[in-house]
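**Student:** Which chain is which? The protein sequence lines are D, S and U, in order.
So the first sequence is residues 386 to 888, counted in my numbering.
So the second sequence is residues 47 to 414, counted in my numbering.
So the third sequence is residues -17 to 241, counted in my numbering.
For every residue, glycine included, the Cβ atom is placed at its ideal position computed from N, Cα and C.
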Amino acid sequence: MKQAKTSGRRLVASSLFALALIVAACADDDADAPPGLDDSEDAVDDVDDADDADDDVDVADDGDDEVRLGILGQCEGPFGGFHEDTVAGVALALVNHAGATVPSDDTALDGWEGAEVNGTPIELVGVGCGDDTPDRILAEVRQLVEQNDANVVIGPLSGDEGIAVAEYALQNPDVTFLSGIAGSQEPTLEVQAPNFFRFHGEGAIWNAGLGDILHNQEGWETAAVIADDYSFGHTSTAGFVAEFCGVGGEVTSRVFPPLGTTDYSSYIAQLPDPDEVDGYFWAVGGTGTQAALEAFVDAKGDLTGDQHAGNLFFNPDLAQALGPDIAGAYVGGFASPPGDVQMPAIDEYLASADETWDSLPTGIAGGERADASAAASFGFMYGYYSAGVALVDGLAETGGDPSPEPLQSALGGLSVELPYGDIALDDNRSGIVDVFISRLTVDDESGEVVQETVALIPEVDQTFGGTFGADTPAPSRDFPPCEERDLPWVGNAIPVEDGVPQQ
Amino acid sequence: MTRQLRSPTTIAFVAVVALLVVLPAIGSSFFVNFIMTRTLILGLAAATIVFLSAYGGMVSLAQLMLFGTAGFMFGNAVLEASPRGLNLGWAPWTAVVFALAVATAIAFLLGALSSRTTGIYFLMLTLVYAVIGYNVFAQVVPISGPSGITRITPPPPITQATHLYYAALLLSIGGYVVLKLVARTPFGLALQGVRDDPVRMASLGFRVPLHRALAFTLAGFIAGVAGLLNVWWNGQIDPASIGISPTLVLLIVAVIGGISHLEGAWLGAFVYVAANSYLRALPFVDRIGITEDRFNTVIGALVLLIMVLSPEGLSGVIQRLSNEGRRRFSRFSSRDGTGRVDTSGDDAGESPVVMIDSSTSPPTEERK
Amino acid sequence: MSPNAIMSSDREQVLRLRSIVMAFGRLFAVNGVDLDVAKGEHLAILGPNGAGKTTLFNVISGDLTPTRGTVMIKGVDCTSLPSRRRPRFGMARTYQKARSFPGLSVEDNLYLAVVGKRGRHLSLWRSGTDRSWREQARAAAETVWLTEELATPVSDLSHGQKRQLEIGMAVATDPDILLLDEPASGLSRGEREWLIELLSDLGADITLLLIEHDMDVALRVVDRVMVMADGQQIAAGTPSEIEHDPVVLQTYLGTGASA
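1) Beta-carbon of Ser82/U versus every beta-carbon of chain S: anything under 9 Å?
2) Please specify which runs of the alpha helix (DSSP H), each continuous and at least 4 residues long, are wholly inside the segment 502 to 542 of chain D, giving them in chain order.
3) How about the segment 63 to 76 of chain U and the segment 159 to 171 of chain U: do they share at least three Cβ pairs that are nearer than 8 Å?
4) Determine the burial state of Asp871/D: buried for a count of at least 16 other Cβ atoms within 10 Å of its Cβ, exposed for fewer.
5) So, does the segment 648 to 660 of chain D touch the segment 670 to 689 of chain D, judging by three or more C-beta pairs under 8 Å?
6) Could you check what DSSP says for Ser638/D in three-state terms: helix, strand or coil?
7) What number of angstroms, rounded off, separates the C-alpha of Thr196/S from the C-alpha of Glu833/D?
8) Just grab the DSSP bridge partners of Val(-4)/U for me.
9) Give me the chain S residues within the contact set of His141/U, using Cβ-Cβ distance strictly less than 8 Å, ordered along the chain.
10) Do three or more CB pairs link the segment 470 to 485 of chain D to the segment 769 to 782 of chain D at distances below 8 Å?
11) For the alpha helix (DSSP H) holding Thr83/S, just list the boundary residues, first then last.
12) Any C-beta of chain U sitting closer than 9 Å to the C-beta of Arg241/S?
13) What does Pro69/U touch in chain S if you count any residue whose Cβ is under 7 Å from its own?
14) Taking a contact to mean a Cβ-Cβ separation below 9 Å, would you say Ala315/S touches Val301/S in this structure?
15) Using the beta-carbon count (16 or more within 10 Å), is Tyr93/U buried or exposed?
16) Are there 16 or more other CB atoms within 10 angstroms of the CB of Asp392/S, so buried, or fewer, so exposed?
17) Could you have a look at Ser87/U and say whether DSSP puts it in helix, strand or coil?
18) Compute the Euclidean distance between the alpha carbons of Ala214/S and Leu274/S, then round it to the nearest angstrom.
19) Taking all protein chains shown into account, do 16 or more other C-beta atoms lie within 10 angstroms of the C-beta of Ala469/D, making it buried, or fewer, making it exposed?
20) Quick one: what does DSSP say Arg100/U is sitting in, helix, strand or coil?
21) So, is the C-beta of Pro48/U closer than 9 Å to a C-beta in chain S?
22) If we count the other Cβ atoms within 10 Å of its Cβ and call it buried at 16 or more, is Arg814/D buried or exposed?
23) If you follow the alpha helix (DSSP H) that Pro54/S is part of, which residue opens it and which one closes it?
24) In chain D, which residues lie with their C-beta within 8 Å of the C-beta of Gln109/S?
25) Taking three-plus beta-carbon pairs below 8 Å as touching, is the segment 251 to 263 of chain S in contact with the segment 138 to 147 of chain S?
26) Where do the N-terminal and C-terminal ends of the beta strand (DSSP E) with His257/S fall, by residue?
27) How is the alpha helix (DSSP H) around Asn13/U delimited, first residue to last?
28) Just tell me which of Gln214/U, Leu139/U, Gly101/U, Asp45/U has its CA closest to the CA of Pro244/S.
29) How do the segment 308 to 326 of chain S and the segment 148 to 160 of chain S stand: do at least 3 beta-carbon pairs fall below 8 Å, yes or no?
30) For Leu231/U and Leu139/U, what's the separation of their Cα atoms in angstroms?
31) Quick one: residues in its chain with C-beta nearer than 6 Å to the C-beta of Ser771/D, no 5 flanking neighbours on either side, listed in chain order?
32) Enumerate in chain order the residues of its own chain whose CB-to-CB distance from Asp187/U is below 8 Å, with the five nearest sequence positions on each side excluded.
33) For Leu184/U, collect the residues of the same chain with a Cβ closer than 8 Å to its Cβ; drop the 5 residues on either side in sequence, then sort them by chain order.
34) Spell out whether any CB of chain S is found under 9 Å from the CB atom of Asp112/U.
35) So within the segment 189 to 256 of chain S, which uninterrupted alpha helix (DSSP H) runs reach at least 4 residues, ignoring any that extend past its ends?
36) What is the DSSP secondary structure of Ser137/U, counted as helix, strand or coil?
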């Protein structure tokens, strides 16, 4: 009896499972066969070609008279607060350049309506929800491409995700990818997917100019580096080391605390004392920036701003905890410059954001609501904006044809006019960008520490004059080595005074 | 024997397998190559948790770590000129053997180390294994990247996405059958004895720690097989792939399906993967607050709901429905109306195990 | 022939305990017990609760290693031999609270008992030997009248059936030293009769050690009795001697005669 009962139970279980399968499978049937994975099947399997021919024609004819755009954001993980920013960036680009309107004035996640270039509509087919891990972003991009049938994807947001998505791009040549704001070298330098375009800089590029200024202007002969022990920390360090050593400085010590360290004292102890070294370069992110600097003050005595430089994680808010002594520190660049840089194009861009939305929940305000222009002025939203503008320009170039070949060849040759500086691509389809170097200073009037842009480094590319290439190792704890080398932009820094480049 | 072949269980099993075999012809490619392939892989890995729990009384959090270890080892061994990993450049099938050997050996070592602990202590110890495993791969960069190992492709005969689906299907069926059969062998029975009363087993002459260690090894081997499928399917693996959050996901998959039913592992995997992919695509869900960023809350609520409905997960729910149906049926069919239908399913600890065992017992003729 | 005569005779000594002390912290559960048991002898250990009977059993079966003293089984010093090695000496035991495997069927429980003694613990194949062991398990089921329940999960058995199974698992291994810890507890009158019959029918070669509260059962199946209190032996002799021993009546039977 027991046996019979069990069997019946299983029969029911199996039938339910089977039913669920059929329902799910059929529900999905109307979606077109996704590109990419199945192409390899066609190539291998000649016999199937006849059968598949119809489908292929479908994809080519019906599929490609519109842009089915997928966006890869992050709704969880360390950058989860920037989810709205990513979609807002793309939406604003389409509002400004493709005649789109947004249905909601307090969230960007509802997408847009009426985006069109040369009669080709741009539809949002989905927003991927990453959590800063490669596995998750792969699942999300596969869903956008293979289920939602996206033919253009904008994103992802962070470095490791960028590598995974670029590798995916390599296997799916019919989908066009535009990086959101992924700041690792590898997606373009190493993976070199012909359909992966990056209209922004990366971790190393954003620190270009610091080494030159600190060595040649501030007189640092030696420096110590402390950076997060993961790819973005390594890449930021690589940019600084390549240039600082390139112009004749010497990096005497490199310390890499693991990501997520809370007590930095043992790592600070490994750094040389302030009288043993001319300065320190910090690439410690998140809550670690302040914690590490506080540990430094505890262990080494007072902080002297002139003796420090940091990547984009240095900001005026540090003064709240550390006092005005932090003033004097140099800060590397990001996709967008500090707020003091004034140009008509920038004002126009920021104003357009405020016209589009009353307010947005944005990562720049810790996930709380803020003016859309505040979000737009920060690199995350701006990176996605740049990708959106590039897509529109690319489509304009092809006369609205979104099919892979013309669109990708158009994108490769673009020089996109953007509010914070035009961006063209190098041979690996990575942005050649202008980098703004700034400094924390005490404002004469208010007495508060502010961020003041001091120099603009024009046309920085990711190879650093041959230091980095497809064949060189990825930036790591000991790569690149400290050696002299020629960097194309050294000596070309354009001074910026009161927010205006002097040229 | 013939009676067993024609039993409803076998028929249902064959029907599900047949459906899965023809699925690529009727389902969309996303459904087959993403949803179902991932379901089969996750299910196979979760089945090792269920196996250890249902037959050995050991709830392991180390299975995903072993799964990942096999993936990392395969990537390191097979790649030749990749910018990441050791680039040993071995033949693909040598790499497969190597990866499984490493995962199995580690499983044996860890299994031996934890073979004298049970219950919450075993759970905590395997959590420690998971954390150590994550940290090893995160810190020892040469074997894990930097930034993960990418561009991993399946070995030769598996050249298309559907091949991979069939490989996952074949290995899932294989894993299921092996784990089921093992439960009926002297080793498997002894393992269940160890689960029920280790002291008694020792006084009967069994080496209790050895049984635990070997069960953990077998589970580690199968988790390794699932890990290989995973890197073939995903193309890459990085330390975050075996972090604490995916480790818990695998446990959740096992719990959704019902931690005492082997087939529940695949059911749980299907629910998890499908919910992840389809639930947020439903119209209007964002109107009731289910947006992407709240999605984990939804999964959490789903798990909670299933657990409240049945501590034995979905298979427990199905079991109850089936019992209910059977009771109604038996009211009509006069005889055997007072069967013990009510007793099973109420006790989370014992009765599900009973179900597994009785179904695989030798047919009654043999006993007489 | 008196029990003492048996003891001192030339019959083979299967069990010899010398000054066994088992201490849990400062509690001496067993405090200096000597015991000799000859082959084929049936011995009951009586005593009030907490007398140290079960602890002594655990020392003999290897579940506990004594704090002091030696345990010789068939002439071999087994004092610190783990319990899992003892079935090879032909030793099998039951527990006061039935310890079978509730998740397995009656047959599988009995089968595990056979496998435990015979080996092939790790086998992943069911072989011919295996079939003969199954036969042995089914034979044991018949001995303890559980043939009807072979396929029943142990969790579904009645209390009495669990006790039957417990004894069946001990018998299944074909032991020559059988340790039974209160086999009659919780049994109905009819089941007790059955138990007495079963124990009386044990082969002459089987050495039986029995802990039992039920004097009726105990005294009908054994030929020698040892009475314990506070971890020590307070009396020994034939059942009839014990029944009339004033010390025993005072400490044990006087208060628990109705048990």
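**Tutor:** Here's the rundown:
1) Locating residue 82/U in the third sequence gives position 100, where the first residue counts as 1. Cβ-Cβ to chain S under 9 Å: yes for Ser82/U.
2) 519 to 527
3) yes
4) For the purposes of this step, residue 871/D is taken as the residue at position 486 of the first sequence. Exposed: under 16 other Cβ atoms inside 10 Å.
5) yes
6) On the first sequence, residue 638/D is found 253 positions in, with the first residue counted as 1. Three-state DSSP puts Ser638/D in a strand.
7) Position 150 of the second sequence, counted from the first residue, corresponds to residue 196/S. Position 448 of the first sequence, counted from the first residue, corresponds to residue 833/D. So the alpha carbons of these two residues sit roughly 47 Å apart.
8) Locating residue -4/U in the third sequence gives position 14, where the first residue counts as 1. Val(-4)/U is not bridged to any residue.
9) Reading the third sequence from its first residue, position 159 is the one you call residue 141/U. Chain S residues near His141/U: none, gap ~16 Å exceeds 8 Å.
10) yes
11) The residue labelled residue 83/S in the question sits at position 37 within the second sequence. Note, Thr83/S: alpha helix (DSSP H), 83 to 102.
12) Start at 1 with the first residue of the second sequence, and residue 241/S comes out as number 195. Yes, its Cβ sits closer than 9 Å to a Cβ of chain U.
13) Taking the first residue of the third sequence as 1, we reach residue 69/U at position 87. Under the 7 Å cutoff, chain S gives Leu250, Gly251.
14) Stepping through the second sequence from its first residue, residue 315/S is reached at position 269. Stepping through the second sequence from its first residue, residue 301/S is reached at position 255. No; because the gap between Cβ atoms is not below 9 Å, this pair is not in contact.
15) As a working note, residue 93/U is residue 111 in the third sequence. So Tyr93/U ends up on the buried side.
16) The residue given as residue 392/S occupies position 346 in the second sequence. Low confidence applies here, because Asp392/S scores a pLDDT of 38, under 50, leaving its location unreliable; read the following figure in that light. It counts as exposed.
17) Counting from 1 along the third sequence, the entry for residue 87/U is found at position 105. Looking at Ser87/U - three-state DSSP - the assignment turns out to be strand.
18) Walking along the second sequence from the start, residue 214/S turns up at place 168. Walking along the second sequence from the start, residue 274/S turns up at place 228. The alpha-carbon atoms of Ala214/S and Leu274/S are separated by roughly 10 Å.
19) For the purposes of this step, residue 469/D is taken as residue 84 along the first sequence, with counting starting at 1. Note on identity: in this sequence residue 469/D is Glu, with Ala being the wrong assignment. So Glu469/D ends up on the buried side.
20) Position 118 of the third sequence, counted from the start, is the residue given in the question as residue 100/U. The answer is helix: DSSP assigns Arg100/U an H, G or I state.
21) Against the third sequence, residue 48/U aligns to sequence position 66. Pro48/U does not count as touching chain S.
22) By one-based count along the first sequence, residue 814/D stands at place 429. It is buried - the Cβ of Arg814/D has at least 16 other Cβ atoms within 10 Å.
23) Taking the first residue of the second sequence as position 1, residue 54/S is located at position 8. That run of the alpha helix (DSSP H) goes 54 to 72.
24) Locating residue 109/S in the second sequence gives position 63, where the first residue counts as 1. Here the premise fails: no neighbours, minimum Cβ distance about 16 Å.
25) no
26) Your numbering for residue 257/S matches position 211 in the second sequence. His257/S -> not in any beta strand (DSSP E); alpha helix (DSSP H) instead, spanning 254 to 280.
27) Reading the third sequence from its first residue, position 31 is the one you call residue 13/U. From DSSP, Asn13/U is part of no alpha helix (DSSP H) but of the beta strand (DSSP E) over 9 to 20.
28) Residue mapping note: residue 244/S aligns to position 198 of the second sequence, counting from 1. The residue with the shortest Cα to Cα distance from Pro244/S is Asp45/U.
29) no
30) Indexing the third sequence from 1 puts residue 231/U at position 249. Indexing the third sequence from 1 puts residue 139/U at position 157. Their Cα atoms are separated by approximately 37 Å.
31) Position 386 of the first sequence, counted from the start, is the residue given in the question as residue 771/D. Hits under 6 Å: Phe584, His585, Leu803.
32) Translated into positions along the third sequence, residue 187/U becomes position 205. Cβ neighbours of Asp187/U beyond the five flanking positions: Lys21, Gly22, Asp158.
33) Here the question's residue 184/U lines up with position 202 in the third sequence. Only His24, Leu160, Leu190 meet the Cβ criterion.
34) Here residue 112/U refers to the residue found at position 130 of the third sequence. Yes, Asp112/U lies at the interface with chain S (some Cβ there is under 9 Å from its Cβ).
35) 207 to 228, 232 to 242, 244 to 250
36) Working through the third sequence from its first residue, we reach residue 137/U at position 155. DSSP places Ser137/U in helix when its eight states are reduced to three.
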